[in-house]
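Quick note: the sequence shown uses the working numbering, first residue 116, plus one each step.
Here a beta-carbon is modelled for each residue, glycine too, at the ideal position from N, C-alpha and C.
To start, the structure under review is shown below, and the notes come after it.
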Amino acid sequence: MTQVTRLLIALAAVCAGLIHLALVVGSPVPIAVFAAAIGTAELAWGLITFVRDRIEAPVVVLSVALFPLVGWAAIVAAGAVSGATEAAALPVLPLGIAAVFDLAIALVIARRLRDGERKVIRTTGAEPSAPRLLIPLFIGSLAAALLVTPALAATEAGAYAQPHGEHDADFVPQKGDPIQLPDEHGH
């Protein structure tokens with residue numbers, strides 16, 4: 116695996132983790148616990164993968180990358196069968212975008228496992244030149260931002276976010292004043 120590939124799947128893991136953590140807000144407790152656990156694991160693994168030059172336990176990584184896909188499918192299927200409204204209320208856009216990131220991780224790891232790297236996937240090859248490293252990372256970061264931003268906005272946490280440009284003097288508490296949040300127009 117090249118350094119660029121390792122860094123891009125680490126970025127994908129961080130993006131999926133952020134989306135799953137944003138889904139915690141407003142979700143029913145069992146779904147919130149599931150999303151918090153998966154999001155934390157993805158975020159931690161992504162950050163560790165940024166720092167290290169290898170991927171430890173790729174079989175576990177593959178399982179964790181596929182677990183949210185199977186979990187969300189099970190939740191939606193159970194909700195459809197039982198008629199539970201909580202499962203029907205899950206936001207499709209964030210789940211779909213997180214699934215894209217998780218599938219990208221799973222595909223890269225599965226490819227490396229197929230090549231026989233079971234215990235550790237090491238970064239191979241010489242260190243790339245700056246353009247060969249920075250251009251793919253810039254494109255990957257741009258794509259991640261273009262996908263993660265609408266996904267986060269489509270979550271309950273994004274619905275309550277203060278829109279840009281709408282901060283005024285009433286939003287910032289003055290010394291000694293109790294904090295009073297501005298009206299959020301229907302939130």
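Practice prompt. Evaluate the contact criterion for the segment 140-148 versus the segment 170-183: three or more CB pairs, one atom per stretch, below 8 angstroms.
Written response: Not touching, per the Cβ criterion.
Discussion item. For a test of the three-state rule: what should DSSP assign to residue 167, helix, strand or coil?
Written reply: On the sequence shown, position 52 is the one that residue 167 refers to. Residue state, collapsed to three classes: coil.
Worksheet item: Touching or not, the segment 244-251 and the segment 215-233, by the rule of three or more beta carbon pairs under 8 angstroms?
Response: Touching, no.
Worksheet item: Got a sec? Which residues, its chain only, sit under 8 angstroms from residue 118 by beta carbon, not counting five neighbours each side?
Response: For the purposes of this step, residue 118 is taken as residue 3 along the sequence shown, with counting starting at 1. 168, 238, 240, 242, 243 and 248.
Worksheet entry | Cβ neighbour criterion (16 or more within 10 Å) applied to residue 261 | As a first step, residue 261 is located in the sequence shown; it is residue number 146 there, counting from the start. With fewer than 16 other Cβ atoms within 10 Å, it is exposed.
Discussion item. Going by beta-carbon coordinates alone, are residue 214 and residue 184 separated by less than 7 angstroms?
Written reply: Start at 1 with the first residue of the sequence shown, and residue 214 comes out as number 99. Start at 1 with the first residue of the sequence shown, and residue 184 comes out as number 69. It is a contact, given that the beta carbons lie within the stated cut-off.
Item to complete: State the DSSP-derived secondary structure class of residue 235, mapped to helix, strand or coil.
Response: Here residue 235 corresponds to residue number 120 of the sequence shown, with the count starting at 1. Residue state, collapsed to three classes: strand.
Discussion item. Within the continuous alpha helix (DSSP H) that includes residue 248, where are the two ends?
Written reply: The sequence position of residue 248 within the sequence shown is 133, counting from 1. Bounds of the alpha helix (DSSP H) holding residue 248 are 245-268.
Worksheet item: Using DSSP with H/G/I as helix, E/B as strand and the rest coil, what is residue 125?
Response: Counted from its first residue, the sequence shown places residue 125 at position 10. Here residue 125 sits in helix by DSSP.
Worksheet item: Where do the ends of the alpha helix (DSSP H) carrying residue 181 lie?
Response: Along the sequence shown, one-based indexing puts residue 181 at 66. Per DSSP, residue 181 belongs to the alpha helix (DSSP H) from 173-197.
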